[in-house]
Structures are given as structure tokens and as C-alpha cells.
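Undergrad: Have a look at this one before I ask anything.
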Amino acid sequence: MRYPSWERLETKLYQAPRGIVDTLPGEMAYWRFIEQKAASVSALYGFERIDTPTFEETGLFVHSVGEETDIVTKEMYTFNDRSGKSMTLRPEGTAPVCRAYLEHGMGNLPQPVKLYYLADIFRYERPQAGRLRQFHQFGCETIGDADPALDAEMIDLAWQFCKTLGLSRLELKLNSIGCKKCRPAFIAALKGYYQKHADRLCRDCKLRLERNTLRLLDCKQDACQPLTRQAPRNRDYLCPECAGHFSHLQHYLEILGLPFRLEDRLVRGLDYYTRTVFEIQPEGGSSQSTIAGGGRYDDLIETLGGRPTPAVGFASGIERLILNLKKEAVAVPPLPAPHIFLASLGEPAKEKALRLAADLRKKGFAVLGPLDRSLKAQMRLANTLGVRYTVIIGEEEVKAGTVQLREMAAARQATVPVKEIENIIRSGDLASL
RNA sequence: GUGAGUGUAGCCCAGAGGCCUAAGGCGCCAGGUUGUGGCCCUGGAUAUCGUGGGUUCAAAUCCCACCACUCACCCCA
Numbered sequence: 536m537r538y539p540s541w542e543r544l545e546t547k548l549y550q551a552p553r554g555i556v557d558t559l560p561g562e563m564a565y566w567r568f569i570e571q572k573a574a575s576v577s578a579l580y581g582f583e584r585i586d587t588p589t590f591e592e593t594g595l596f597v598h599s600v601g602e603e604t605d606i607v608t609k610e611m612y613t614f615n616d617r618s619g620k621s622m623t624l625r626p627e628g629t630a631p632v633c634r635a636y637l638e639h640g641m642g643n644l645p646q647p648v649k650l651y652y653l654a655d656i657f658r659y660e661r662p663q664a665g666r667l668r669q670f671h672q673f674g675c676e677t678i679g680d681a682d683p684a685l686d687a688e689m690i691d692l693a694w695q696f697c698k699t700l701g702l703s704r705l706e707l708k709l710n711s712i713g714c715k716k717c718r719p720a721f722i723a724a725l726k727g728y729y730q731k732h733a734d735r736l737c738r739d740c741k742l743r744l745e746r747n748t749l750r751l752l753d754c755k756q757d758a759c760q761p762l763t764r765q766a767p768r769n770r771d772y773l774c775p776e777c778a779g780h781f782s783h784l785q786h787y788l789e790i791l792g793l794p795f796r797l798e799d800r801l802v803r804g805l806d807y808y809t810r811t812v813f814e815i816q817p818e819g820g821s822s823q824s825t826i827a828g829g830g831r832y833d834d835l836i837e838t839l840g841g842r843p844t845p846a847v848g849f850a851s852g853i854e855r856l857i858l859n860l861k862k863e864a865v866a867v868p869p870l871p872a873p874h875i876f877l878a879s880l881g882e883p884a885k886e887k888a889l890r891l892a893a894d895l896r897k898k899g900f901a902v903l904g905p906l907d908r909s910l911k912a913q914m915r916l917a918n919t920l921g922v923r924y925t926v927i928i929g930e931e932e933v934k935a936g937t938v939q940l941r942e943m944a945a946a947r948q949a950t951v952p953v954k955e956i957e958n959i960i961r962s963g964d965l966a967s968l
């Protein structure tokens with residue numbers, strides 16, 4: 536470790552770790568808005584909130600997300616705790632919820648169990664637009680029933696959520712990737728097809744051919760595009776059960792009026808998905824602009840040691856939502872700002888102002904001041920902070936037991952008794968004085 | 001992990017080897033007489049020119065390394 540000079544030794548400026556950011560007060564209105572919408576929309580569909588820990592035993596993620604996935608092989612923040620157990624900062628939200636479902640015997644509750652979460656997620660990736668190492672997801676899980684109506688409900692929830700945020704130019708992409716019974720046949724067909732054209736594949740795809748055959752469909756390289764277009768379609772290889780599920784789902788989505796688009800090449804990067812997969816993207820967005828994504832994971836609970844328990848879910852990235860709210864210039868409701876600034880002149884007045892501030896806060900007003908500055912400076916501050924009212928107390932007011940109450944925007948001001956402040960502000964009656 | 005670009009005050013940025021003990025704008029602080037904001041005017045504070053090394057008589061300006069940021073790939077939210 537090098538230091539620029541000895542003076543800097545003690546005053547080194549720390550920076551937040553790469554890809555890890557502060558959320559500053561100026562951004563908070565977006566966050567509150569989204570969190571509030573997430574809670575209210577979830578409630579409309581009967582979801583209850585669950586908060587799971589920030590980290591879990593590493594094995595939970597390895598066994599659920601899949602040993603071969605990018606997340607597990609190169610993106611997890613993994614560390615040993617003091618007893619030597621391997622722990623991992625959660626790289627996704629579904630596995631912890633399933634763990635909690637099992638750990639708390641939620642299989643004994645009326646099914647399905649519907650849970651939502653707002654959680655921070657950690658993935659060690661190279662930061663990019665809309666991609667951070669610590670980010671936040673709003674997610675929902677419906678556990679305990681395979682009815683395609685629940686898939687439709689989940690997609691509807693995700694869609695309505697984005698809509699009520701004010702996002703308008705969205706696309707809904709849908710596919711079915713089958714189940715453990717019918718998927719092997721499809722993968723075999725896919726492999727067979729691509730092997731015939733192996734010489735024309737890009738470098739990455741040659742690797743995918745062995746490692747992660749499904750992902751071949753996802754390749755964006757121009758060279759692979761023509762091949763992909765002719766490739767076998769998953770939908771043509773679904774078993775009767777999966778095909779039936781999928782067609783019911785589409786029917787339900789039509790009933791709900793959701794404008795989905797079948798996307799033969801939609802494949803998701805987590806191993807636990809079965810049957811339904813879907814993504815919501817801004818119009819014309821590329822794969823890394825996905826705003827929400829999810830699907831069905833009928834085998835996951837069983838994989839984690841539970842009874843066979845079907846489930847569907849989705850997650851949405853909050854930072855990406857904010858990005859799109861800004862892109863579409865959606866106005867979010869401003870956060871409440873302080874209401875009253877107390878300005879004072881001289882020590883006796885300052886003491887009185889201090890008491891008055893405490894008093895007004897007890898009555899529910901957000902109060903700022905007093906500060907040891909000139910009246911002019913205090914007024915200037917009150918103005919830039921945008922308070923509705925300024926209360927001015929000087930020597931005269933201390934003697935008289937009154938106060939100058941000024942309504943900033945209207946530049947109206949009156950001498951009022953201290954006891955009257957609350958009433959006048961509540962009734963907005965300053966004008967009549 | 002790969003590739004490209006960028007890095008000057010809290011923010012936006014001028015500056016392209018010596019005239020830089022670094023300009024401007026926003027913001028911040030204070031004043032424009034006696035107890036009052038928003039406009040205007042005046043003044044002030046704030047810059048190890050990302051960090052370290054090198055080239056040079058001379059470097060914010062050139063070179064190298066590192067770090068960070070941005071964008072793209074990979075992959076996902």
C-alpha cells in the first residue's frame with residue numbers, strides 16, 4: 536500500500552466500493568414512490584411482506600440457482616464466518632424465500648402462500664448502465680399451486696406494477712421452457728441442430744453448446760442470428776402437460792388483456808425455472824435493460840428438501856425502474872419538506888424560539904431553526920429550503936408574547952400571539968389577518 | 001473476465017509543454033446601514049489538476065502503471 540505523502544496518511548479519502556453506491560436525499564423520492572407502489576400493488580393481489588437475511592449459507596444458492604450458472608460460478612460475494620462456514624450475500628431473492636417457506640413450515644398454511652420482498656441483492660459483476668454490484672429488487676412469490684391462473688396473476692401483477700409507476704412503453708415477452716420431463720428432448724434436438732452448424736458458431740456459442748445449451752438461443756452475435764432463427768423451438772417440444780399449461784396461461788393473459796409476445800428465444804439464467812418464463816423490458820431495450828423477470832419454478836422447493844411444491848415468481852430491479860422513470864420523465868410525488876422555519880434575533884429570542892420549536896414539533900409540524908445568523912441570512916435559508924411559513928421572533932415579540940408569522944410564497948406577514956400559531960397555520964387563515 | 005473512452009473545486013466545465021501561485025458558470029458563505037427571503041450588485045471560501053512513477057531546464061498538459069467512473073461484450077434486475 537502506498538500513500539501520497541505523510542499528511543495523507545491520516546486523512547485518506549475513502550470511496551464506496553466499486554459498483555456500490557450511496558442513495559442520496561435527492562433520489563429518495565423515487566425510492567419511496569416505488570416502495571410504496573410495490574407494497575400497495577402486492578396487497579391488491581394478496582401478498583404479504585417477508586424480509587429474509589442479507590446473507591445465507593452458500594449452499595442454498597449453489598443448489599437452487601445452479602452450480603453451472605454465471606451467478607454461482609463468478610458473481611457471488613462469498614466469505615467464511617468466524618466458525619469457518621461459507622456464507623454468501625444473497626445474489627437473488629427467490630431461494631431465501633423458499634428456504635424460509637420450508638424452515639417455518641409454511642407448507643401447512645393454506646396454499647398458495649403469497650409473499651413479497653424488497654431486498655438488496657449482491658452480484659460481483661462489472662458495473663454498467665443499470666447494473667450495480669449491490670442493487671435492489673422488489674419480488675413476489677406464489678408458492679404451493681401449479682394453476683396457470685397463478686402464472687397469469689403473477690405476470691399481471693408485474694405488468695400492473697410497472698404501469699402504475701407511470702412507465703408506458705413496455706414490452707412483455709413470454710415463453711415456456713418445459714419441465715424436467717420434456718426439456719431433455721428439446722435440449723437434445725437443439726444440440727443436434729447446432730452441432731451440424733458448429734463451424735458457423737461464434738466462440739462463446741461453441742462453449743455454450745456443451746455447457747449451457749439453452750443459452751445458445753440467447754446469442755446476440757450477428758453470425759449466430761440466422762442459425763438461431765431456424766433453430767428448433769422449445770414450444771414444439773413441450774409435453775402435453777406443459778403445452779396445456781402454456782396454452783391456458785396464454786388464454787388467461789388474453790382475458791386479462793395483457794399484450795404479451797411469444798419469444799422463442801427467451802431463456803433465463805437461473806437453473807430452477809420450469810415452464811413459464813417472462814420478462815418485461817422497455818420498448819426497444821436490449822437484454823440488459825430488463826426491468827422485471829420471472830417464471831415458474833416447480834422443482835425448487837423439492838430440491839431444497841421439501842415436498843414437491845410448485846411455485847411462480849418474479850423480481851424487478853429498482854435501480855432500473857428509476858432509470859426508466861427518468862427516461863420517460865415520470866414525475867414522482869415529492870417528499871414532505873419542513874413546514875416552518877423559526878428565525879430569531881438575539882439570545883433571549885433564540886431561547887424562546889427553541890422552546891417554540893419543540894412545542895410545534897409536538898404538535899406535528901416539521902420545524903427548522905433557529906440558527907445564529909443574521910435575520911437576512913435566516914430568511915434566505917428559509918427561502919431556499921422552501922418552507923411554507925417563517926416565524927420571526929425578536930426582542931419586541933419576546934416582550935409582547937407574540938411572533939411574526941410570515942407566509943413565504945405570498946409574502947404575507949402578521950403579528951400573532953404565540954398561542955394562535957397552530958390554529959392560523961392549520962386553517963391557512965393568515966390572509967384574513 | 002474482455003474491449004473502448006474518460007478523470008481539473010460539492011456540481012458543470014475552460015485549459016492541449018513555460019504567460020496556471022489554474023479561468024468561468026451553478027451551488028455555498030457574507031455584505032449592499034438601523035429586525036426580513038426570492039431578482040440584481042459586490043466580496044469571500046473551496047482544486048494534493050484521480051494516484052504513483054517517468055520524460056523534460058520546465059508537465060494539469062507527453063509516456064507508463066495503478067485506481068475510479070462511463071459505455072459495450074458476457075450475463076442478469
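Read left to right, the first sequence gives residues 536 to 968 (this note's numbering). C-beta atoms are modelled at their ideal positions from N, C-alpha and C, and glycine is treated no differently.
#1: Just mark His780 as buried or exposed, buried being the case when its beta carbon has 16 or more other beta carbons within 10 Å.
#2: Mark Phe876 as exposed unless 16 or more other C-beta atoms lie within 10 angstroms of its C-beta, in which case mark it buried.
#3: Decide if Phe614 is buried, meaning its Cβ has at least 16 other Cβ atoms within 10 Å, or exposed.
#4: Residue range of the beta strand (DSSP E) that Tyr729 falls in?
#5: Do you know how far the Cα of Ala945 is from the Cα of Glu932?
#6: For the alpha helix (DSSP H) that contains Ala946, what are its first and last residues?
#7: Would you kindly report the start and end of the unbroken beta strand (DSSP E) that includes Pro794?
#8: Could you check what DSSP says for Asp655 in three-state terms: helix, strand or coil?
#9: So, with DSSP's three-state summary, where would you put Thr613?
#10: Take Lys649 and list the residues in its own chain whose beta-carbon comes closer than 6 Å to its own, dropping the five residues that flank it on each side.
#11: In chain order, what residues of the same chain have a beta carbon less than 7 Å from the beta carbon of Cys759, not counting five sequence neighbours either side?
#12: Taking only three categories from DSSP, how would you classify Ala892?
#13: How is the alpha helix (DSSP H) around Gly713 delimited, first residue to last?
#14: Distance, Cα to Cα, Leu920 vs Arg553?
#15: Is the CB-CB distance between Arg810 and Gly830 below 9 Å?
#16: Does the stretch 875-890 come close enough to the stretch 926-942 to have 3 or more Cβ pairs within less than 8 Å?
#17: Quick one: what's Val926 bridged to in DSSP?
#18: Closer than 8 Å by C-beta to Leu839: which residues in its own chain qualify, once you throw out the five before and the five after it? Chain order, please.
#19: Determine which residues share a DSSP beta bridge with Met622 and list them.
#20: Please report the Cβ distance between Gly852 and Cys675, rounded to the nearest whole angstrom; I am assuming they are in contact, meaning their Cβ atoms lie under 8 Å.
#21: So what does Thr811 bridge to, in DSSP terms?
TA: Taking the definition as stated:
#1: Taking all protein chains shown into account, His780 has 16 or more neighbouring C-beta atoms within 10 Å of its C-beta and is therefore buried.
#2: Answer is buried; the Cβ neighbour count reaches 16.
#3: Label assigned to Phe614: exposed.
#4: Where Tyr729 is concerned, there is no enclosing beta strand (DSSP E), although the alpha helix (DSSP H) it sits in stretches over Arg718 to Lys731.
#5: If I take the Cα positions, the gap works out to 22 Å.
#6: It is not in any alpha helix (DSSP H) - Ala946 carries neither H nor E in the DSSP assignment.
#7: For Pro794, there is no enclosing beta strand (DSSP E), since its DSSP letter is neither H nor E.
#8: The answer is strand: DSSP assigns Asp655 an E or B state.
#9: Three-state DSSP puts Thr613 in a strand.
#10: Setting aside the 5 residues that flank it on each side, Lys649 is surrounded in the same chain by Gly581, Phe582 and Thr677, each with a C-beta closer than 6 Å to its C-beta; the list follows chain order.
#11: Within the same chain, and ignoring the five residues on either side of Cys759 in sequence, the residues whose Cβ sits closer than 7 Å to its Cβ are Leu736, Cys737 and Cys740.
#12: Three-state DSSP puts Ala892 in a helix.
#13: No alpha helix (DSSP H) contains Gly713, which DSSP labels as neither H nor E.
#14: Each residue's CA atom was taken as its position, placing Leu920 and Arg553 some 33 Å apart.
#15: When the beta-carbon positions are compared, Arg810 and Gly830 come within less than 9 Å of each other.
#16: Touching, yes.
#17: Val926 pairs with Leu877 and Leu940.
#18: Residues of the same chain with a CB within less than 8 Å of the CB of Leu839, apart from the 5 flanking positions on each side, are Leu595, His598, Ser599, Ala630, Cys633, Arg634 and Leu637 in chain order.
#19: In the DSSP output, where bridge partners are listed per residue, Met622 has Glu592 and Phe614.
#20: The Cβ separation is near 14 Å, so there is no contact.
#21: BP columns for Thr811 point to Ser711.
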